[in-house]
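Engineer:
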Amino acid sequence: DAGITQSPRHKVTETGTPVTLRCHQTENHRYMYWYRQDPGHGLRLIHYSYGVKDTDKGEVSDGYSVSRSKTEDFLLTLESATSSQTSVYFCAISADRDVEKLFFGSGTQLSVL
Amino acid sequence: KQEVTQIPAALSVPEGENLVLNCSFTDSAIYNLQWFRQDPGKGLTSLLLIQSSQREQTSGRLNASLDKSSGRSTLYIAASQPGDSATYLCAVRPSGSEKLVFGKGTKLTVNP
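So the sequence lines, in the order shown, correspond to chains D and X. If you read the first sequence in the working numbering, its first letter stands for residue 1, the second for the next number, and so on. If you read the second sequence in the working numbering, its first letter stands for residue 1, the second for the next number, and so on.
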């Protein structure tokens, strides 16, 4: 993998609790993304970042917030987890959104009971 | 709205066979198209990236082509091996968009 670490790898939590997922990169890439992958829906973009403190919403951003205080770290927070947020979450990075490959982390399996 | 379709959803072939995976997209205004491989329980690995101005890219036994005007891409795998068994996804980056649009993938099984 291209220097991307997601933590935790697995998490089980209860409805209504806050959850934070972390993505850490060692590539000094500008762009970072959070996706969720669900059967029947494929991969969908939650939020993305194009620099420190520069973030924007993707297509399924409701119920999620993000922060990027350092180039290497991109945090995804579920303020109050719901069962519909049970999914596999992937972080991805890219040096240049238009011409560079996208590299993915290994994913976080989140179960909200 | 850009949509990406991959057919078939699943494919099973004997080892050694050459095969083609298909990807179609509805809007030809794209920056690039990528083919990814995903192994069970793992993340996605980018295999090939084709810029909108390119027609094809090759890496080892893999060759991806792009026909932007017709909204089609193919991934050709030569002399398939059991280790090629995985799900293959294609994704396009629409012009002016931050968002990659993914197909749902083709699950490939190569039988020894």
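All C-beta atoms, glycine included, are put in the ideal place defined by N, C-alpha and C.
Just checking: is the beta-carbon of D98/D within a distance shorter than 7 angstroms of some beta-carbon in chain X?
Structural biologist: For the purposes of this step, residue 98/D is identified with residue 98 of the first sequence, where counting begins at 1. By this cut-off, D98/D is an interface position.
Engineer: Whose CA, out of R36/D, D73/D, P8/D, lies closest to the CA of G128/D?
Structural biologist: There is simply no residue 128/D to check, as chain D begins at 1 and stops at 113 in what is shown.
Engineer: Determine the closest residue to R44/D out of E59/D, V66/D, K53/D, A92/D, with distance taken between C-alpha atoms.
Structural biologist: What you label residue 44/D is simply residue 44 of the first sequence in a count that begins at 1. When each option's Cα is compared against that of R44/D, the closest is E59/D.
Engineer: Quick check on the DSSP output: the beta strand (DSSP E) that includes A78/X runs from which residue to which?
Structural biologist: Position 78 of the second sequence holds residue 78/X. Counting along the chain, A78/X falls outside any beta strand (DSSP E), and DSSP gives it neither H nor E.
Engineer: Are the C-beta atoms of L49/X and some chain D residue less than 7 angstroms apart?
Structural biologist: Taking the second sequence and counting its residues from 1, the one referred to as residue 49/X is at position 49. Yes, L49/X lies at the interface with chain D (some Cβ there is under 7 angstroms from its Cβ).
Engineer: Can you grab the Cα-Cα spacing for the pair S84/D / V112/D, in whole Å?
Structural biologist: Taking the first residue of the first sequence as position 1, residue 84/D is located at position 84. Taking the first residue of the first sequence as position 1, residue 112/D is located at position 112. Roughly 8 angstroms separates the two Cα atoms.
Engineer: If we cut at 7 angstroms on Cβ distances, does Y48/D have a partner in chain X?
Structural biologist: Position 48 of the first sequence, counted from the start, is the residue given in the question as residue 48/D. At least one chain X Cβ lies under 7 angstroms of Y48/D.
Engineer: V52/D bridges to which residues according to DSSP?
Structural biologist: Numbered from its first residue, the first sequence carries residue 52/D at position 52. For V52/D, which the question treats as bridged, DSSP gives no partner whatsoever.
Engineer: From the beta carbon of Y88/X, is the nearest beta carbon of chain D less than 7 angstroms away?
Structural biologist: Reading the second sequence from its first residue, position 88 is the one you call residue 88/X. No - not a single Cβ of chain D is within 7 angstroms of the one on Y88/X.
Engineer: Taking C-alpha atoms, which residue in S61/D, A95/D, Y33/D, D38/D lies nearest to E27/D?
Structural biologist: Sequence index remark: in the first sequence, residue 27/D carries index 27 (1-based). Nearest of S61/D, A95/D, Y33/D, D38/D to E27/D, Cα basis: A95/D.
Engineer: What residues are listed by DSSP as bridge partners for L33/X?
Structural biologist: As a position in the second sequence, residue 33/X is number 33, starting the count at 1. Beta-bridge pairing links L33/X to I50/X, V92/X.
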